[in-house]
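Notes to accompany the following structure.
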Amino acid sequence: MSGHRSSPSKDPATKNGGWGFSLLPTIAGSLPSTPLPPYSEVAVPYEGGTGYFPSRLSRRARMLRYGLLVACLAGLVMIFTQLHGWEDAARLAAQSRWLRGSSEVRLFTVHDYVKGPPTALFRDNLKEDVKYITTWVAGGWTNDVIAVTHLLFLAHLSNRVAVLPRFTPTHFPKSAGTMRFSDIFDIPRLERALNMPILEWDDIKVAHENVSYVPREDIGCWSSWMAGGEENKHPRDTENPKLLGLNVQYTPVPRGNKMYGSGDWHLLFGRLLQLAYPSGRTAALKEVKPLQKLTPDEHMLCFDWLYYTGIDRSFEWEYDYSPEWQLVAKHMHWNPKLVAVADTYLRRHFGVSASQPIPPFISVHARRDDFADGCPGRNASCLPKYDQLKERIYEVQFELWKNNATQVEKVLVMSDEKDAAWWAGIAQNGWGWIDHKKEETAEKHGIWYEMLLDVVFHSKGSGFVGTDGSTMSLLAERRVKDWNGGQTARLLWHGL
């Protein structure tokens, strides 16, 4: 359920020229606003002799102007209906999905980057004057969020339009179905922050839940996975192409794209960027050969998995200056509808009404279940004990009091631990948790929501205690610090 930092030992715009993401406004956290022009109507003396008011047209002149305006609008509507009716229908259909819980109308609209509504064959819907870039997901939800962040970063660098895949249930049964990026994150807000358009595969091609199509379309892609490690003899296995009815033929990314030598799987953004352009593509194809017949697609540039990617060093996300976090992922806020559900749970847990604020709390992510495999004897002997958790909570409480002038007593624990005795110890220490089984979260909202609500709970803490080595904890730590100005600490595997 939780993400972890994978390691080799464990894991075997106007079109393409006018948009681009502006680094200065992105760092500042918002786009520069255009000031409204000053109020400029001519002031004339009021007939009664006192005060000044804006000049007004005569009633007859106003009626004539309004009549001409209505006539012009009616004409434009008739022309638009005849010539662009399908575009209007497509836009309304797309926006009806976009506006489900989104924060605002989108800065970029889909119809500017595709030919029309989703089609059976994706190539039928690509515009000739737009270049695209996509990837698949296959590494657990949090790691896939990182991979999609890397896709967005590479889309900016290459001046291409990112096409986001659905998240697939790698940690859930297939019956959980898939989740769109827009079901979880606020795309309109993200587009405004990055100043670049973002598409999803559902905007381009018709797809259905839990259906593995017989492949109908061929596409050539790059395998970044094969370039990462010599032991990676095959492309990264993923469900996305099957769900989209794509027969993918891969070409390995040249090994020269690696950040370091053997023993590390990370590739360099700058080297992957070269594959988006004719000269870099030509040079790469002189070094490597396609595994089958097709060479990588030039119109829809695609990669099998982009998790192991960085600018300067491996696992760059561990550092507060991480460009991937600071320039992209920091702006990936939750879909407001998801937040609303989370807030309902939190208010019920803390016993406050809908009109009252949720009290400040420290959120805890104690990852234990599969991490126990890393202990000697593959048991839980090396995992953090209650004493360490208590110490970390005290550390966060003290830092909140010292730096934020805030006294926070409430603690909310999230964990994948299944042992009832461990949870009893949590209760004995006076800490709380939300029991998704009692809440019937999966039955009411779907299997994904047990995990999704937990990560929203993490991010809403005034402070946060995570588990070292977990990417789910790492992203929660970043959100609490940068979104809430909070304090954080990590549980270590080897005691205090």
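Heads up: the sequence shown runs through residues 2 to 497, numbered per the numbering used here. Every residue, glycine too, gets a C-beta built ideally from N, C-alpha and C. Remember, predicted model here, so these are calculated numbers, not experimental data.
- As far as DSSP is concerned, A406 takes part in no beta bridge.
- The Cβ atoms of S225 and L268 sit closer than 7 Å to each other.
- Sorting P385, Y322, F109, E299 by C-alpha distance to the C-alpha of I199 places F109 at the top.
- Under DSSP, R107 takes part in no beta bridge, so it has no partner.
- Listed in chain order, the non-local C-beta contacts of R491 below 6 Å within the same chain comprise G467, D469, local neighbours out to five positions each way being set aside.
- In this structure, W137 places its C-beta atom within 7 Å of the C-beta atom of N241.
- According to DSSP, residue pairing for R491 in a beta bridge involves G467.
- Going by beta carbons, R237 and W306 fall inside the 7 Å limit.
- In this structure, Y308 lies near A148, with their beta-carbon atoms less than 7 Å apart.
- By the CB criterion at 7 Å, Q327 and L295 fall outside the cutoff.
- Under the three-state reduction of DSSP output, W223 falls in the strand class.
- When rounded, the separation of the alpha-carbon atoms in L413 and M227 is 41 Å.
- Between H332 and L191, the C-beta spacing is below 7 Å.
- Taking P361 as reference, the option from K461, Y278, D313 with the minimal CA-CA separation is K461.
- Counting along the chain, the unbroken alpha helix (DSSP H) around S474 starts and ends at 472-485.
- Boundaries of the alpha helix (DSSP H) around S280: 279-288.
- Just measuring C-alpha positions, the residue of E232, T179, P385, W223 sitting nearest G281 is W223.
- Cβ-Cβ separation between R107 and P166: approximately 19 Å, too far for a contact (criterion under 8 Å).
- Nearest to A285 by C-alpha distance, out of Q293, K482, V254, N144, is V254.
- The beta carbon of Y114 is closer than 7 Å to those of K128, V131, V162, P198, L200 in its chain, skipping five residues each way along the sequence.
- When only Cα atoms are considered, E232 and T345 end up about 47 Å apart.
- Pairing D187 with H334 gives a Cβ-Cβ distance under 7 Å.
- Within 10 angstroms of the beta-carbon of C303 lie 16 or more other beta-carbons, which makes it buried.
- For the options Y133, A121, A177, W142, the alpha carbon positioned closest to that of K445 is the one of A177.
- Taking C-alpha positions only, Y450 is separated from L347 by approximately 14 Å.
- Cβ-Cβ distances below 8 Å link I185 to F168, W335, N336, L339, L453 in the same chain, with the five nearest sequence neighbours on each side left out; the list follows chain order.
- In chain order, S463, G486, G487, Q488 place their CB closer than 8 Å to the CB of N405, counting only its own chain and leaving out the 5 sequence neighbours on each side.
- Excluding residues up to 5 positions away in sequence, F270, L274 lie with their Cβ nearer than 7 Å to the Cβ of L158 in the same chain.
- Just so you know, the alpha carbons of H209 and R181 end up roughly 12 Å apart.
- The C-beta of E478 has 16 or more other C-beta atoms within 10 Å across all chains shown, which makes the residue buried.
- Taking a 10 Å sphere around the C-beta of W484, we find fewer than 16 other C-beta atoms and assign the residue as exposed.
- Bounds of the alpha helix (DSSP H) holding P324 are 324-328.
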